[in-house]
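Colleague: So that we are looking at the same thing, I have put the structure below in structure tokens.
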């Protein structure tokens with residue numbers, strides 16, 4: 007089976023070229039393939055549906071934050087926390103983490119409120135790192151990246 011290697015160089019991968027047929031005036035078959043193509047990989051529909059649902063929830067959360075007037079720093083902090091702790095949501099302009107910690111604007115370490123313990127301590131470390139005050143700060147892993155453009159306004163699909 008003669009096949010050009012994929013541009014990624016990975017075995018078992020192939021480049022696919024999509025052509026808009028509105029711009030095609032003629033198709034010429036040079037030769038027919040005699041062998042049967044390999045079977046298509048099976049899809050885990052359940053996993054794909056879960057991923058789509060999660061992505062939708064995250065986009066709606068971003069849209070809520072924008073519509074509620076949350077600052078860019080608040081939106082970025084939420085995204086930073088959410089990468090590590092999925093149990094994270096908006097309650098008006100406050101970030102609620104694991105139903106235990108509330109971070110109010112302006113989203114600084116001193117704005118983290120909750121019962122003293124490991125959850126509050128962990129969230130404070132993330133916030134501190136996002137501010138550039140900890141190991142994760144300065145734009146490194148876990149830190150809020152500075153200088154990003156604001157998130158675009160969310161509009162419902164038409």
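Numbering (my numbering), first residue to last: 7 to 164.
All C-beta atoms, glycine included, are put in the ideal place defined by N, C-alpha and C.
Bear in mind the structure is a predicted one, so any value in this text is a computation, not a measurement.
Would you be able to state if there are at least three C-beta pairs under 8 Å between the stretch 99–115 and the stretch 53–69?
Modeller: Cβ pair count under 8 Å is below three, so no.
Colleague: Taking only the alpha-carbon atoms, compute the straight-line gap between residue 124 and residue 58 and give it to the nearest angstrom.
Modeller: Approximately 32 Å, taken between the alpha carbons.
Colleague: Measuring straight from C-alpha to C-alpha, what distance separates residue 15 and residue 69?
Modeller: Between residue 15 and residue 69, the C-alpha separation is close to 38 Å.
Colleague: With DSSP collapsed to three states, give me the class of residue 120.
Modeller: Residue state, collapsed to three classes: strand.
Colleague: What three-state label does DSSP hand residue 53 in the structure shown?
Modeller: DSSP places residue 53 in helix when its eight states are reduced to three.
Colleague: Determine which residues share a DSSP beta bridge with residue 97 and list them.
Modeller: Answer is 100, bridged to residue 97.
Colleague: Name the two residues that bound the continuous alpha helix (DSSP H) containing residue 87.
Modeller: Residue 87 -> alpha helix (DSSP H) spans 78–90.
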